[in-house]
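A.B. asks: Taken in sequence, the protein lines are chains B and C. Position 521 of the first sequence, counting from 1, maps to 520 under numbering that gives the first Met the number 0, and the rest follow consecutively. Position 17 of the second sequence, counting from 1, maps to 16 under numbering that gives the first Met the number 0, and the rest follow consecutively. Below you'll find the structure I mean.
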Amino acid sequence: MLTFEEFSKFCNVIEKISSTLELTARIAEFIKKIDDDKDLYNAVLFLMGRIYPPWDERELGVGVGLIYESIRIATGLSKRKIEDLVKETGDLGKACEIALKNKTQLTLFQEELTLQSLREVFDAISSLTGEGSQKRKIRMLADLYISASPLEARYLTRLILGEMRLGVGEGIIRDAIAKAWKVNVDIVERAYMITNDLGRVAVVAKNEGKEGLEKIKIEMHIPVKMMLAQVAESIDEAVREMGNVAVEWKFDGSRIQAHWDGERITIYSRRLENVTKALPEIVDEIKANVKKGVILDGEVIAVKNGKPMPFQNVLRRFRRKYEVSKMMEKIPLIVYFFDVLYYNAETIDLPLKKRREILLSVINESERIKIAKQVITNDTKEIERVYKEALDAGHEGAMLKNPSSLYIPGKRGKNWLKLKAVMETLDLIVVAGEWGEGKRSHLISSYELACIDPVTGKLQTVGKVATGFTDEDLEELTELFKPLIEYEEGKKIVFQPKYVFEVAYQEIQKSPKYESGFALRFPRFVRLRDDKDVDEADTIERVAKLYESQFKR
Amino acid sequence: MIDAIVTGEVLKAITKAMVALVSEARFHFLENGLHSRAVDPANVAMVIVDVPTDSFEVYKVDEDTTIGVDVNRIYDISKSIKSGELVELKVEDESDLKIKFGSVEYSVALIDPSAIRKEPKVPQLELPAKIVLNAGEFKKAISAADKISDHVVFRTTEDGFYIEAEGDVDKITFFMSDAELIEFNKQEARSMFSVEYLKEFIKVAGSGDLLTIYLGINYPVRLQFDVANGKVKVEYILAPRIEAE
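Laid out in C-alpha cells, this is it:
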C-alpha cells in the first residue's frame, strides 16, 4: 500500500521541477512502480489535486473555514495565528505544514495515512449532509491532521482545496501514462476523452496496455468530453476547406450532454458537471420524446415570450439546487439537440451526415425538445443568410460543420467552425479580489484575473477588472466568492481559483506588473463563465497571440 | 434495561471526570460495573472511568449495555444533587436515561453510541516510576504552576518527586521527599506536560483523595485518582510535550 508520506515526499521533489519533460519522466517512473490498482488510481487523481473525476457528483464540501478549524483542533493554534501563517506563506498548505512543525504537544495515537485510508475518509466526508455534518467533517479532518506529518499536512491541505501547486496538469499526466506503459499518447488521449477519468485510464494502461485502452467505449452516465469549434476565418475559407458545409445556428445558451437509457437520465454541463436535478422539465420531456439508449449533444437556451434570454440565465438555472420549480417559471428552458454520440452503441465514429439521420430518428420534437435546424450547402450566400437569421433571432451566430467529419471528443478542430459577430474576449480565472469602499465595502468590487499555462497548470495574472458589473452582479458574485476566500490582507482577498470570467478589453499591453508579462487595458466584465473549468480558461499563448495580432491590423 | 442506584457524589465524579476531555461519551454497563473512556479531540489525553458494582447501592443490568450520553448535560444535573443523596439511573428503551432523585425525575435523551467518536484502546505503557500521594497536594502544585507557565516538568530522583514550572521571570518548584510520599519506588523519570490539561484533571479530586502517578522519560503519564471515597476510579493518560531546544 502506498503511504501518504511516500506520496508527499514525491510531490515535494517534483514541486521544485519546472521542466515539463522531466516532470513527465518523473511521474511516469513513479506511477509505473505502483502495484496496486487502487493506489494507482488515487495517486493519478491526487497528483492533479482531484479527489473525484469532475463528473462525479460527490464533493467534499470542505472550504477554507473548515480547514482552519481542523488545524486549530489538531495543533491548538488559534485561528489568528494560523491566518498569520497563511499571510506569511501565501499558501494554506505551507501554513498547515508550519503549524504542525511547531507543535510541541505530542499525541497519544497516530495512524499511518495511506492513499486508501485517505480515500475512505474523503468518501465518508462527501457522504455527509444536513445537520451536524460540518461538525463531523471538522472532526474527521482534525483526525487526519493529528496523524499527518508536517509534509503530509502541506499536501493534504492542497489536495482538499484541489490545488496541488505542482505544475502538473492533465497533459502531463496523460503523457506520463503513455510513457510509463509505452502507449501512443493519442490512444491515451482518446481513452481520456471518453472516460474523463485519468485514474481509470492509468489502471487500464497498466493492466491491459494499448489493447485495453483501445477497447474502452463510451458508457451510459459517464460523460464524454464535448467536441469544440474553432473560430471561422471566413465563410469563403470554410467552403473552400469543406466543400459542402452543414450550417446550424449557434445558440446563445449552454452546452449539455444527455444520457438516457430508458430508466435514468443524466445531464451534464459543458464542464461535465451533473446538472440533472436542476433541469426537471428537460428530463421529463426527454423521457417522453426521445428513444431510449442515446447520448445526445445539444444546447440549452432560456426563452421568454419567444425570445432568447441572456446566457447567464441558463447558468443561473444550472447552479440552482433548491426551489428549482420557482426558477423554472422565471427562466423557462428549451434544448436544441444537434448531435448524437450513442444510440445503442457508439455513433461517434460515423460521419456527421449519418449521425444527423440517427438524431432525426430518435427525437420527437416537442415544446421544449427541438432538433437544431441544419442546412447543407456550398453556397456562401446561403450560409450568410442562415448566419443573419440566427443573429436576428437573438443568437450568437452560426456553426459550420464538415458533414463527413467524425465526432472527436474534446477536440477543437477544423471540422467545426463558429461564426461569431462579437469581438474577441478572454476567459480568465479569478484569483484574487478587493473589497469595495463606502457603500460597497461589503461587496467584492474588483477581481484579479489570470490566464493559464496549459502544460504546468500554473496561473499567471494579467490584470484586474472593476467595471462592467451591475450592482446585482456584484451582490451575486460576492456571495459566490466568499466561500473561496483563502485569506485576506487589508482589503485584498486571495481566492481558491474556481471561476472563470469572460472579459472584454480595449488592448493588450506588455507589462511587468503582472506575472504573465501582459496587462489588459480597460478590461470590462462581460459575464461569469460558469460553464468553464479553470483549466479551460484562456492560455498564456492565446494572450500572446492576441497581443501580436494587434500589430497586424 | 438498566436500573442502578448510586449516591450523588458518585454520579458527579463520573461525569466531572469525563467533561474534562469530552462532551459526549459511551457508558458501558457491564457485569462488573460501569466503564467509560474517551480521548479528547486533539488525541492528547485519555480518560478512563471505572465504577465497580460494589460502589452502587443497587446495580441491575440484564446484559452488557452501551449507551451514548451528553456528559455535560448529566454533569449539570448532578451538581444539583447532594453528595449523600441517592439517585436512580434507569434506561428502559434505547431513547432516554431517567435520572431520579428526591421528588425530581429528569429524562435525558440518549445519543446513538455509533455517532460518538470511536474509543481507542488503552495504550500499553512501560513507566518506571510509581508515586502515590495525596491528590490535594498535587492540586496545589498544579494551581500554582498555572499562574506562571503553560507547561510543567514532572521529575523523580532517588530523593523524591519534583514538579517544576518556569515562567518568564518566576520559577516554582514543588518537592515531596520519599518520606512525605505515601508510596515511591525510587525510580528516576522526567517528562514535560501541558498545564491546560492537568488543570482540568485535578478538578475531579478532593483533598483527601489518593493519587497514583506512573511517570516515564519523555513519555505519557498515567494519573490514577481514587475519588468519591474510593468508589470511583478515574485515570487520565496524558501525552508529553516536547521540551523546546
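Don't be surprised by glycine CBs; every beta carbon is placed ideally from N, CA and C.
For residue 173 of chain C, which beta-bridge partners are listed by DSSP?
C.D. replies: In the DSSP output, where bridge partners are listed per residue, residue 173 of chain C has C:162.
A.B. asks: Pick out whichever of B:21, B:340 and B:378 has its Cα sitting closest to the Cα of residue 193 of chain B.
C.D. replies: When each option's Cα is compared against that of residue 193 of chain B, the closest is B:340.
A.B. asks: What residue from B:431, B:78, B:284 and B:442 has the CA that sits closest to residue 450 of chain B's CA?
C.D. replies: Of the listed residues, the one whose Cα sits closest to residue 450 of chain B is B:431.
A.B. asks: Among C:173, C:106 and C:130, which one has its Cα closest to the Cα of residue 186 of chain C?
C.D. replies: Residue 186 of chain C has its Cα closest to that of C:130, out of C:173, C:106 and C:130.
A.B. asks: Indicate whether at least one CB of chain B lies closer than 7 Å to the CB of residue 221 of chain C.
C.D. replies: Chain B, which has no Cβ nearer than 7 Å to the Cβ of residue 221 of chain C, makes this no.
A.B. asks: Helix or strand or just coil, what does DSSP make of residue 44 of chain B?
C.D. replies: Here residue 44 of chain B sits in helix by DSSP.
A.B. asks: Quick one: what's residue 223 of chain C bridged to in DSSP?
C.D. replies: Paired residue(s): C:211 and C:234.
A.B. asks: So, for residue 530 of chain B: in the same chain, excluding its five sequence neighbours on each side, which residues have a beta-carbon less than 8 Å away from its beta-carbon?
C.D. replies: Answer for residue 530 of chain B: 253, 254, 268, 269, 270, 314 and 317, listed in chain order.
A.B. asks: On the criterion of 16 or more Cβ atoms from any shown chain inside 10 Å, does residue 74 of chain B qualify as buried, or is it exposed?
C.D. replies: That one is buried.
A.B. asks: Measuring only between beta-carbons, confirm whether residue 106 of chain B sits less than 7 Å from chain C.
C.D. replies: With 7 Å as the cut-off, residue 106 of chain B counts as an interface residue toward chain C.
A.B. asks: Candidates B:24, B:337 and B:51: which alpha carbon is nearest residue 177 of chain B's?
C.D. replies: Checking every option, the nearest Cα to that of residue 177 of chain B belongs to B:24.
A.B. asks: Report the partner residues of residue 230 of chain B according to the DSSP bridge assignment.
C.D. replies: Its beta-bridge partners are B:417.
A.B. asks: Please list, in chain order, the chain B residues whose beta carbon lies closer than 8 Å to that of residue 40 of chain C.
C.D. replies: Ordered by position in chain B, the residues that pass the 8 Å Cβ test against residue 40 of chain C are 72, 138 and 141.
A.B. asks: Does residue 238 of chain C have its Cβ less than 7 Å from a Cβ in chain B?
C.D. replies: Taking Cβ atoms only, chain B reaches closer than 7 Å to residue 238 of chain C, which makes this a yes.
A.B. asks: List in chain order: all unbroken alpha helix (DSSP H) runs of 4+ residues lying wholly within the segment 514 to 548 of chain B.
C.D. replies: Entirely contained in the segment 514 to 548 of chain B, the alpha helix (DSSP H) runs reaching 4 residues are, in chain order, 539 to 548.
A.B. asks: Mapping DSSP to helix, strand and coil, what is residue 256 of chain B?
C.D. replies: Correct three-state label for residue 256 of chain B: strand.
A.B. asks: Could you check the C-alpha separation between residue 218 of chain B and residue 302 of chain B for me, to the nearest Å?
C.D. replies: Answer to the nearest angstrom: the Cα atoms are 32 Å apart.
A.B. asks: To the nearest angstrom, how far is it from the Cα of residue 68 of chain C to the Cα of residue 153 of chain B?
C.D. replies: Rounded to whole angstroms, residue 68 of chain C to residue 153 of chain B spans 36 Å at the Cα level.
A.B. asks: Answer with buried or exposed for residue 552 of chain B, where buried requires no fewer than 16 other C-beta atoms within 10 angstroms of its C-beta.
C.D. replies: For residue 552 of chain B, the predicted model reports a pLDDT of 49, less than 50, meaning its position is unreliable and no value from the coordinates is stated.
A.B. asks: Given this structure, state the Cα-to-Cα distance separating residue 141 of chain C from residue 13 of chain B, to the nearest angstrom.
C.D. replies: Cα to Cα, the separation comes out at about 49 Å.
A.B. asks: For residue 122 of chain C, does the count of other Cβ atoms within 10 angstroms reach 16, so buried, or fall short, so exposed?
C.D. replies: Exposed, since its Cβ has fewer than 16 Cβ neighbours within 10 Å.
A.B. asks: Which chain B residues sit within Cβ distance under 7 Å of residue 241 of chain C?
C.D. replies: Correct list: 103 and 105.
A.B. asks: I'd like to know whether the C-beta of residue 43 of chain C is nearer than 7 Å to at least one C-beta of chain B.
C.D. replies: Taking Cβ atoms only, chain B reaches closer than 7 Å to residue 43 of chain C, which makes this a yes.
A.B. asks: Rounded to a whole number of angstroms, what is the C-alpha to C-alpha distance between residue 388 of chain B and residue 56 of chain B?
C.D. replies: Near 39 Å, if we compare the C-alpha coordinates of residue 56 of chain B and residue 388 of chain B.
A.B. asks: Where residue 103 of chain B and residue 242 of chain C are concerned, what is the direct C-alpha to C-alpha distance, given to the nearest angstrom?
C.D. replies: Each residue's alpha carbon lies about 7 Å from the other.
A.B. asks: Assign residue 346 of chain B to buried or exposed, taking buried as 16 or more other Cβ atoms, counted over all protein chains shown, within 10 Å of its Cβ.
C.D. replies: So residue 346 of chain B counts as buried.
A.B. asks: Please name the residue in B:89, B:299 and B:293 whose C-alpha comes closest to that of residue 343 of chain B.
C.D. replies: Residue 343 of chain B has its Cα closest to that of B:293, out of B:89, B:299 and B:293.
A.B. asks: Determine, using beta carbons only, whether residue 81 of chain B comes closer than 7 Å to chain C.
C.D. replies: Not closer than 7 Å to any Cβ of chain C, the Cβ of residue 81 of chain B fails to qualify, so no.
A.B. asks: Is the CB of residue 248 of chain C under 7 Å away from at least one CB in chain B?
C.D. replies: Residue coverage of chain C in this structure runs from 0 to 244, which leaves residue 248 of chain C outside it and unanswerable.
A.B. asks: Which residues, in order along the segment 171 to 205 of chain C, keep a beta-carbon less than 7 Å from a beta-carbon of chain B?
C.D. replies: Going along the segment 171 to 205 of chain C in chain order, one finds 193 with a Cβ nearer than 7 Å to chain B.
A.B. asks: How should residue 244 of chain C be labelled, buried or exposed, when 16 other C-beta atoms within 10 angstroms of its C-beta is the threshold for buried?
C.D. replies: Note on residue 244 of chain C: pLDDT 45, under 50, position unreliable in the model; the coordinate value appears next. Looking at its Cβ environment, which holds fewer than 16 other Cβ atoms inside 10 Å, residue 244 of chain C is exposed.
A.B. asks: Would you list, in chain order, the members of the segment 108 to 132 of chain B that have their beta-carbon closer than 7 Å to a beta-carbon of chain C?
C.D. replies: Cβ contacts with chain C: 108.
A.B. asks: Please decide whether residue 572 of chain B counts as near chain C, where near means a Cβ-Cβ distance under 7 Å.
C.D. replies: Residue 572 of chain B is absent from the structure shown; chain B starts at 0 and stops at 552.
A.B. asks: What does residue 145 of chain B touch in chain C if you count any residue whose Cβ is under 8 Å from its own?
C.D. replies: Within 8 Å Cβ-Cβ: 41 and 42.
A.B. asks: What are the residues in the segment 378 to 394 of chain B lying within 8 Å of chain C by C-beta distance?
C.D. replies: Correct list: empty, as no residue qualifies.
A.B. asks: By DSSP, does residue 270 of chain B sit in helix, in strand, or in coil?
C.D. replies: Correct three-state label for residue 270 of chain B: coil.
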